[in-house]
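The block underneath contains the structure these notes are about, expressed in structure tokens.
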Amino acid sequence: MIYIGNINYSRKREGGLVCPVSIMHSVAVIVFAATYFTWTSAVFHTQRQVVHKKLRYLLEPPVYAEVTARRGANVTLPCLLQTKPPRYKVKWTKLEPLRRGVENIVLITNGQAQKGYGLLGPRASLRRAHPLDASLRINNLELGDDGRYRCELINGIDDESVFLTLRIEGVVFPYQSTNGRYKFNLQEASEACHGQDATLATYKQLYRAWTEGLDWCNAGWLNDGTVHYPILKPRAQCGGEKFRPGIRSYGPKDKIRDYFDAFCFTSITAGYVFFIGGHLTFAEALEVCREKGAELARVGQLYSAWHFRGLDRCDGGWLYDGSVRFPITTPRERCGGLSDPGVRTFGFPNKTQRLYGAYCYR
Ligand SMILES: *[C@@H]1O[C@H](CO)[C@@H](O)[C@H](O)[C@H]1NC(C)=O
Ligand SMILES: *[C@@H]1O[C@H](CO)[C@@H](O)[C@H](O)[C@H]1NC(C)=O
Numbered sequence: 001m002i003y004i005g006n007i008n009y010s011r012k013r014e015g016g017l018v019c020p021v022s023i024m025h026s027v028a029v030i031v032f033a034a035t036y037f038t039w040t041s042a043v044f045h046t047q048r049q050v051v052h053k054k055l056r057y058l059l060e061p062p063v064y065a066e067v068t069a070r071r072g073a074n075v076t077l078p079c080l081l082q083t084k085p086p087r088y089k090v091k092w093t094k095l096e097p098l099r100r101g102v103e104n105i106v107l108i109t110n111g112q113a114q115k116g117y118g119l120l121g122p123r124a125s126l127r128r129a130h131p132l133d134a135s136l137r138i139n140n141l142e143l144g145d146d147g148r149y150r151c152e153l154i155n156g157i158d159d160e161s162v163f164l165t166l167r168i169e170g171v172v173f174p175y176q177s178t179n180g181r182y183k184f185n186l187q188e189a190s191e192a193c194h195g196q197d198a199t200l201a202t203y204k205q206l207y208r209a210w211t212e213g214l215d216w217c218n219a220g221w222l223n224d225g226t227v228h229y230p231i232l233k234p235r236a237q238c239g240g241e242k243f244r245p246g247i248r249s250y251g252p253k254d255k256i257r258d259y260f261d262a263f264c265f266t267s268i269t270a271g272y273v274f275f276i277g278g279h280l281t282f283a284e285a286l287e288v289c290r291e292k293g294a295e296l297a298r299v300g301q302l303y304s305a306w307h308f309r310g311l312d313r314c315d316g317g318w319l320y321d322g323s324v325r326f327p328i329t330t331p332r333e334r335c336g337g338l339s340d341p342g343v344r345t346f347g348f349p350n351k352t353q354r355l356y357g358a359y360c361y362r
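For the sequence shown, counting from 1, position 9 maps to 9 in UniProt numbering; every step adds exactly one.
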């Protein structure tokens, strides 16, 4: 799905959230897109080959060692033994995103008993489809489960591992503070995403969103404390025309003292977003949703409805954070004028204005 730009240019906007905003930082802007990924996969490939030589007990994972699912689903990360050593343990670990100084163990089994650990533990179990099956099941997937996992066979002599990636299917959206552009440090950016039913995106998630059409001219935090922005159509006011399209990087920034926007990531939701028309103030919008047994939608819920359920609505509506947006999957002239699908925004209008309806979530 393609989406470019979130701003409806056809109406007058209030406040300071005008985009494209020129990014004229003195910091050198480095472009790395394709080359970066070639490098990453090369490393991965080498690892796989090394692993391949050593494997005696575990089966080589499938060629594409990636499992893809949506939030709320149950998944299995395959890990099979070829033969059983007399005594062994299998240890499942989540390798990424890293929690510094902590080995993020998910589950350990000795072939009979199993024990779950950490945040994932309560939702993790072994599939045990047959005696050589050490595959990991994770129930009710959460956004943070995305990442790389290791299945490690430990028998005290030739320990060996296979690596698998769990990818949560979802959508990345840029998020700006009510107070304007570049107002979040890393912690605040993370909290802002959580407040919108999302998490801070990973680099891989931003990269994928860029390949799917995300072009955004403001820099935002990613969950590893780096700052980037994705550009498909190089232009003077977005870091210059002489660079190729790509993910522009500011690299790691000061997590406490540097301020940017956020790139949030969300996936499908259990509930639905629906629109209620009218000329409502923000307070009235809160109330009409409540009357329907719902709440004003979070920004992530609106993006999710747009991305996964094709929500298309040409009416601006209040959201829970006080912003006004509308989702377009079939672009048309009289609907903001932009040629690409996207969630358009009017920023954060004066809450006493009576120009908009409400997007509710239930
Ligand atoms: C996931 O597994 C649990 C427990 O087996 C089950 O109750 C639930 O319905 C499953 N969820 C989905 C989405 O299949
Ligand atoms: C919002 O609009 C009302 C009425 O026009 C005005 O009194 C109020 O000062 C405005 N609030 C802000 C924050 O601009």
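Note that CB positions come from ideal geometry on N, CA and C, so glycine has one too.
Fill in: Buried or exposed (CB count within 10 angstroms, at least 16 for buried), G357
buried
Worksheet entry | W306 - containing alpha helix (DSSP H), residue span | 299-309
Worksheet item: In chain order, which alpha helix (DSSP H) runs of at least 4 residues are fully inside the UniProt domain "Link" (171-266)?
Response: If we require 4 residues or more, the alpha helix (DSSP H) runs fully inside the UniProt domain "Link" (171-266) come out as 186-195, 203-211.
Discussion item. Below 8 angstroms, how does it come out for the region 68-85 and the region 162-172: are there three or more Cβ pairs, yes or no?
Written reply: The region 68-85, when compared against the region 162-172, does touch it at the 8 angstroms Cβ threshold.
Discussion item. In this structure, how does DSSP classify L150 when only helix, strand and coil are distinguished?
Written reply: The sequence given here places Arg at residue 150; Leu does not occur at that position. Three-state result, R150: strand.
Worksheet item: Just the Cα atoms here: how many angstroms apart are F263 and T83?
Response: So the two alpha carbons sit approximately 45 angstroms from each other.
Discussion item. Quick check on the contact list: which residues have their beta carbon closer than 6 angstroms to a heavy atom of ligand 2?
Written reply: N350, T352
Worksheet item: When we look at the beta-carbon of G347 and count the other beta-carbons within 10 Å, is it buried (16 or more) or exposed?
Response: buried
Item to complete: Kindly identify the DSSP beta-bridge partner or partners of G162.
Response: A small correction: the amino acid at residue 162 is Val; Gly does not occupy that position in the sequence shown. C151, per the DSSP bridge assignment.
Worksheet item: So, are the CB atoms of G220 and P252 less than 9 angstroms apart?
Response: Cβ atoms of G220 and P252: not closer than 9 angstroms.
Practice prompt. For A73, verify whether its CB is less than 8 angstroms away from any heavy atom of ligand 1.
Written response: yes
Practice prompt. Please name the residue, chosen from D258, H228, R87, that lies closest to N185 on a Cα-to-Cα basis.
Written response: Per the Cα distances, D258.
Worksheet entry | Simplified DSSP assignment, three categories, for C335 | In the structure shown, C335 sits in coil (DSSP, three-state: anything other than H, G, I, E or B).
Fill in: Residues that C360 bridges to, as DSSP identifies them
F274, L296
Worksheet item: Could you check where the beta strand (DSSP E) with R325 kicks off and where it finishes?
Response: From DSSP, the beta strand (DSSP E) with R325 extends over 324-328.
Worksheet item: Since A285 is in the alpha helix (DSSP H), which residue starts that stretch and which ends it?
Response: 282-291
Worksheet entry | Backbone secondary structure at D133 - three-state DSSP | strand
Worksheet item: Using the beta-carbon count (16 or more within 10 Å), is V227 buried or exposed?
Response: buried
Worksheet item: What's the C-alpha gap between C289 and R362?
Response: Taking the straight line from one Cα to the other gives about 9 angstroms.
Worksheet item: So, are the CB atoms of D315 and F260 less than 9 angstroms apart?
Response: no
Practice prompt. Note down the Cα distance separating S249 from Y229, rounded to an integer number of angstroms.
Written response: 7 angstroms
Practice prompt. Would you kindly report the start and end of the unbroken beta strand (DSSP E) that includes V67?
Written response: 66-69
Worksheet item: From W210 to E284, what distance separates their C-alpha atoms?
Response: 37 angstroms
Fill in: Span separating the alpha-carbon of L126 from that of L120
13 angstroms
Discussion item. Can you tell me whether N218 sits near ligand 1, meaning its C-beta is under 8 angstroms from at least one heavy atom of the ligand?
Written reply: no
Worksheet item: So what does DSSP say about R123, is it helix, strand or coil?
Response: helix
Discussion item. Taking a contact to mean a Cβ-Cβ separation below 9 angstroms, would you say L141 touches R71 in this structure?
Written reply: yes
Practice prompt. Please classify G342: does DSSP put it in a helix, a strand, or coil?
Written response: strand
Worksheet item: Is it the case that the Cβ atoms of H279 and R354 are separated by a distance below 9 angstroms?
Response: yes
Discussion item. By DSSP's criteria, K351 is part of a beta bridge. Which residues make up the other side?
Written reply: K351 is not bridged by DSSP to any residue.
Worksheet item: Does the beta carbon of G156 sit closer than 9 angstroms to a beta carbon anywhere in chain D?
Response: The structure shown contains no chain D; it is built from a single protein chain.
Worksheet entry | Three-state secondary structure (DSSP) of L80 | strand
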